[in-house]
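Chains A and B are the protein sequences, given in the same order.
Those letters in the first sequence? Residues 14 to 223, per our numbering, in order.
Those letters in the second sequence? Residues 14 to 223, per our numbering, in order.
Number of protein chains: 2
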Amino acid sequence: MMRKIITVSREFGSGGRELGKRLADALGIAYYDREIITAVAEKSGLAESYIEQVSERGVPMYYPITYARTLTVVPAFSGQHIKVLHEQSRLLHELAGKSDCVIVGRCADCILREYHPLNLFVYASLESKVRRCRAREEAGEHFTDKELKRRMAQIDSGRARYRELIGGSKWGDKAAYHLCINTTGLEIKPLIPAVREFAACYFEGIESKE
Amino acid sequence: MMRKIITVSREFGSGGRELGKRLADALGIAYYDREIITAVAEKSGLAESYIEQVSERGVPMYYPITYARTLTVVPAFSGQHIKVLHEQSRLLHELAGKSDCVIVGRCADCILREYHPLNLFVYASLESKVRRCRAREEAGEHFTDKELKRRMAQIDSGRARYRELIGGSKWGDKAAYHLCINTTGLEIKPLIPAVREFAACYFEGIESKE
Chain A
14 MMRKIITVSR EFGSGGRELG KRLADALGIA YYDREIITAV AEKSGLAESY
64 IEQVSERGVP MYYPITYART LTVVPAFSGQ HIKVLHEQSR LLHELAGKSD
114 CVIVGRCADC ILREYHPLNL FVYASLESKV RRCRAREEAG EHFTDKELKR
164 RMAQIDSGRA RYRELIGGSK WGDKAAYHLC INTTGLEIKP LIPAVREFAA
214 CYFEGIESKE
Chain B
14 MMRKIITVSR EFGSGGRELG KRLADALGIA YYDREIITAV AEKSGLAESY
64 IEQVSERGVP MYYPITYART LTVVPAFSGQ HIKVLHEQSR LLHELAGKSD
114 CVIVGRCADC ILREYHPLNL FVYASLESKV RRCRAREEAG EHFTDKELKR
164 RMAQIDSGRA RYRELIGGSK WGDKAAYHLC INTTGLEIKP LIPAVREFAA
214 CYFEGIESKE
């Protein structure tokens with residue numbers, strides 16, 4: 014029987030992480046998100062904040078080079094970047110090999126392509142994402158709307174950059190996902206049965222072709 | 014209680030029409046697709062093929078004009094185009110006012126915006142769409158792969174044009190839809206329970222805010 018891997022890519026503030034967690038609980042399978050960063054940090058001896066920056070926000074510098082007679086832009090990899098990306102990829106394969114799971118972020122949809130994961134994308138309107146971020150703001154923490162929107166845009170553009178780097182395809186382009194869920198104005202919890210049903214169809218469809 | 018309107022936009026060959034029909038059957042509500050063209054033809058006295066061209070494929074000519082000091086491109090409307098678009102919009106409002114329904118195509122998501130319809134977008138990989146078109150080819154009819162792909166691209170670009178004309182937003186841009194379903198390699202029938210569950214969440218979410 015095939016391993017069932019579900020990846021969740023999401024816009025910041027869309028509730029994608031909650032959706033991933035609840036879906037894993039409903040299916041009774043493993044869930045990975047920040048655990049991956051912690052494990053990579055332990056293994057590589059680098060700080061978690063650094064791992065997070067590389068693994069979720071991409072590599073900030075690019076070099077123009079001439080490749081096959083065309084001017085191309087490639088990321089300015091340092092040895093440490095490569096170490097982090099390599100360790101993260103190794104870890105994702107190890108986790109996927111071990112048991113069915115839901116993985117949020119980390120470009121798992123690209124890195125684990127050979128497992129035929131079900132790839133979900135979770136998104137929402139800007140206003141809805143601002144509201145969701147406000148609702149989970151910690152006491153004492155307060156961003157203005159403008160700050161919050163700038164931060165959201167920064168995080169998402171980092172995710173987009175990382176995805177292009179790893180997967181070669183455009184982050185958020187629906188062609189790369191099996192189901193794109195707009196959470197604008199919706200609670201996450203009641204959505205789980207629908208996503209679970211879709212996941213079952215997807216894995217049955219894949220299995221019947223194996 | 015709110016009227017429940019579900020609109021289905023779809024790439025040609027993605028199975029969106031079948032999904033709309035099956036969903037309407039599962040929910041026990043009305044389903045409209047070609048019926049709309051037939052009704053507009055009867056009402057306007059114009060040929061169905063002409064209505065179809067205008068209403069699904071957009072208006073082929075554009076004029077550049079200066080509007081608010083900016084050079085802009087507007088569609089070259091004829092009186093007949095306007096008549097068709099007007100009659101179609103009137104008819105969609107009439108149908109939506111009458112009962113809950115599923116409407117495939119016709120930019121119903123834009124035209125019926127005030128009903129807060131659930132907007133679905135159905136898509137698939139090119140290979141999958143070609144396979145689906147082949148499976149429903151009529152006896153005696155045979156397109157080469159190249160012809161089929163050209164025809165699919167023509168139809169979809171017409172749909173995109175019509176949508177931009179009517180709704181001002183980009184056809185297929187996930188932000189305009191509540192759920193985007195990739196049917197690549199999947200049967201349509203088993204997907205219906207998942208879509209039905211999602212629809213229930215959506216209408217509950219909307220209703221709780223009314």
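All C-beta atoms in this analysis are idealised placements derived from N, C-alpha and C, irrespective of residue type, glycine included.
Pairwise C-alpha distance: Glu31 of chain B and Arg144 of chain B: As a first step, residue 144 of chain B must be located in the second sequence, where it is residue number 131. As a first step, residue 31 of chain B must be located in the second sequence, where it is residue number 18. One C-alpha to the other measures close to 15 Å.
For Tyr190 of chain B, the three-state DSSP class (helix, strand or coil): Residue mapping note: residue 190 of chain B aligns to position 177 of the second sequence, counting from 1. Coil, per DSSP.
Neighbour flag for Cys214 of chain B against chain A, beta carbons, 8 Å: Locating residue 214 of chain B in the second sequence gives position 201, where the first residue counts as 1. Interface residue, yes.
8 Å Cβ cutoff, Phe156 of chain A in contact with chain B: Here the question's residue 156 of chain A lines up with position 143 in the first sequence. No, no contact with chain B.
Among B:Glu200, B:Gly218, B:Cys214, B:Val208, nearest to Glu217 of chain A - alpha-carbon criterion: Mapped onto the first sequence, residue 217 of chain A falls at position 204. Among B:Glu200, B:Gly218, B:Cys214, B:Val208, the Cα nearest to that of Glu217 of chain A is on B:Glu200.
Interface residues of chain A facing Glu127 of chain B [CB-CB closer than 9 Å]: For this step, residue 127 of chain B is matched to residue 114 along the second sequence. Chain A residues near Glu127 of chain B: none, gap ~16 Å exceeds 9 Å.
Inter-residue CB distance, Ser27 of chain B and Ala137 of chain B (contact presumed, cutoff 8 Å): Position 14 of the second sequence holds residue 27 of chain B. Position 124 of the second sequence holds residue 137 of chain B. The Cβ separation is near 4 Å, so the contact holds.
Inter-stretch contact at 8 Å, needing at least 3 Cβ pairs: the stretch 16-26 of chain B / the stretch 123-134 of chain B: yes
C-alpha gap between Ser22 of chain A and Leu204 of chain A, whole angstroms: What you label residue 22 of chain A is simply residue 9 of the first sequence in a count that begins at 1. What you label residue 204 of chain A is simply residue 191 of the first sequence in a count that begins at 1. When rounded, the distance between both Cα atoms is 16 Å.
Test item: CB-CB of Cys214 of chain B and Phe134 of chain B under 8 Å: Residue mapping note: residue 214 of chain B aligns to position 201 of the second sequence, counting from 1. Residue mapping note: residue 134 of chain B aligns to position 121 of the second sequence, counting from 1. Contact: no.
Residue span of the beta strand (DSSP E) that contains Arg23 of chain A, given as start and end: By 1-based counting over the first sequence, the position of residue 23 of chain A is 10. First-last of the beta strand (DSSP E) with Arg23 of chain A: 18-23.
Any C-beta of chain A under 8 Å from that of Gly58 of chain B: Position 45 of the second sequence, counted from the start, is the residue given in the question as residue 58 of chain B. It does not; no Cβ of chain A falls within 8 Å.
Proximal residues to Phe211 of chain B (C-beta, below 6 Å), its chain only, five neighbours per side dropped: Taking the second sequence and counting its residues from 1, one reaches residue 211 of chain B at position 198. Excluding residues within five positions, the ones whose Cβ falls inside 6 Å are Leu192.
Residues near Arg35 of chain A by beta carbon distance below 8 Å, same chain, minus five either side: For this step, residue 35 of chain A is matched to residue 22 along the first sequence. Counting only Cβ-Cβ distances below 8 Å, and skipping sequence neighbours, we find Ile201, Lys202, Ile205.
Min CB distance Lys187 of chain A to chain B below 8 Å: Along the first sequence, one-based indexing puts residue 187 of chain A at 174. Yes, contact with chain B.
Sub-8 Å separation of Ser112 of chain B and Ala43 of chain B beta-carbons: To locate residue 112 of chain B, count along the second sequence from 1; it is residue 99. To locate residue 43 of chain B, count along the second sequence from 1; it is residue 30. In contact: Ser112 of chain B and Ala43 of chain B (Cβ atoms closer than 8 Å).
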